[in-house]
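Numbering (the working numbering), first residue to last: 3 to 167. Glycine residues also receive a C-beta, built at the ideal position from the N, C-alpha and C atoms. Take a look at the structure below.
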Amino acid sequence: MIRLEKITYKNIWDILDLKVFRSQKNFVAPNVDSIATAYATHDSGCFAFPFGIYDDDKPVGFLMIGFNEAVMYEAFDDVEPPESLRNSYSIWRLMIDKRYQGRGYGREAIRLALDFIRTWPCGKAEYCEISYEPENENAAKLYHSMGFEENGETDGDEIVAVLKL
Ligand SMILES: CC(C)(COP(=O)(O)OP(=O)(O)OC[C@H]1O[C@@H](n2cnc3c(N)ncnc32)[C@H](O)[C@@H]1OP(=O)(O)O)[C@@H](O)C(=O)NCCC(=O)NCCS
């Protein structure tokens with residue numbers, strides 16, 4: 003059974019061990035960076051929900067949900083928050099370890115993320131967004147097949163796609 007497990011001191015080392023293929027390194031931050039970002043986001047009074055993706059007791063990936071608030075962009079002089087990134091949920095990070103890709107874990111993890119988001123942990127919102135590098139065709143295919151649609155916006159050099167919640 004696939005499930006999401008909160009990152010705690012008990013499982014953090016399992017999740018830090020998970021890696022993507024070298025050719026995919028440009029597509030997702032290392033898990034250690036994402037978990038540090040989650041910590042700093044929490045400490046700034048904003049939302050971040052980092053989870054390990056587990057198949058029964060086996061850690062297979064990492065997923066982080068966020069909630070986009072304009073305040074989170076204030077640190078960047080040169081990045082304007084795209085309209086769709088204001089007050090929307092976000093699948094902020096998703097990776098499946100290179101040993102376990104192509105087995106349906108990514109798809110199931112997104113389903114579980116959407117179930118979690120629809121419990122409205124940061125209040126109601128209209129959209130969930132996800133963004134990806136233009137050359138990340140496998141991710142784009144997966145997100146499109148789950149109903150995410152590109153809305154013409156970009157976040158830095160990443161393409162933004164949104165799903166109505
Ligand atoms: C993208 C990623 C999360 C997908 O997870 P996954 O468990 O490998 O994907 P799944 O097995 O659930 O496959 C779901 C769909 O993704 C697409 N897909 C995944 N891997 C693919 C591949 N090697 N070739 C073509 N399509 C692929 C397909 O559309 C597939 O659907 P299908 O099986 O019905 O054809 C995973 O490959 C990964 O971690 N990649 C590196 C990091 C990354 O790019 N993260 C996303 C950042 S935006």
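- By the Cβ-count criterion, tyrosine 41 is exposed, with fewer than 16 other Cβ atoms from all chains shown falling within 10 Å of its own Cβ.
- For glycine 108, the enclosing alpha helix (DSSP H) has its first and last residue at 107-119.
- Note on asparagine 28: under 16 other CB atoms within 10 angstroms of its CB, so exposed under the neighbour-count rule.
- DSSP places lysine 166 in the uninterrupted beta strand (DSSP E) bounded by 160-166.
- Excluding the 5 residues flanking it on each side, glutamate 151 has same chain C-beta neighbours closer than 7 Å at Ala163, Val164, in chain order.
- Around leucine 114, the same chain offers Leu6 as residues with beta carbons nearer than 6 Å, after the five sequence neighbours per side are excluded.
- Only residues of its own chain outside the window of five on either side were considered, and among them Ile67 have a CB closer than 6 Å to the CB of phenylalanine 51, listed in chain order.
- The set of residues with CB atoms less than 6 Å from any heavy atom of ligand 1 reads, in chain order, Val22, Gln26, Phe29, Val30, Leu96, Met97, Ile98, Gln103, Gly104, Arg105, Gly106, Tyr107, Gly108, Arg109, Tyr134, Asn138, Asn140, Ala141, Lys143, Leu144, Ser147.
- Put simply, of Val34, Ile161, Arg101 the residue whose alpha carbon is nearest the alpha carbon of tyrosine 145 is Ile161.
- Taking the Cβ atoms as the reference, valine 62 lies roughly 14 Å from isoleucine 9, outside the contact range of under 8 Å.
- In the displayed model, tryptophan 94 falls within a strand according to three-state DSSP.
- In the three-state DSSP reduction, lysine 143 falls in the helix class (H, G or I).
- Lysine 12 is not bridged by DSSP to any residue.
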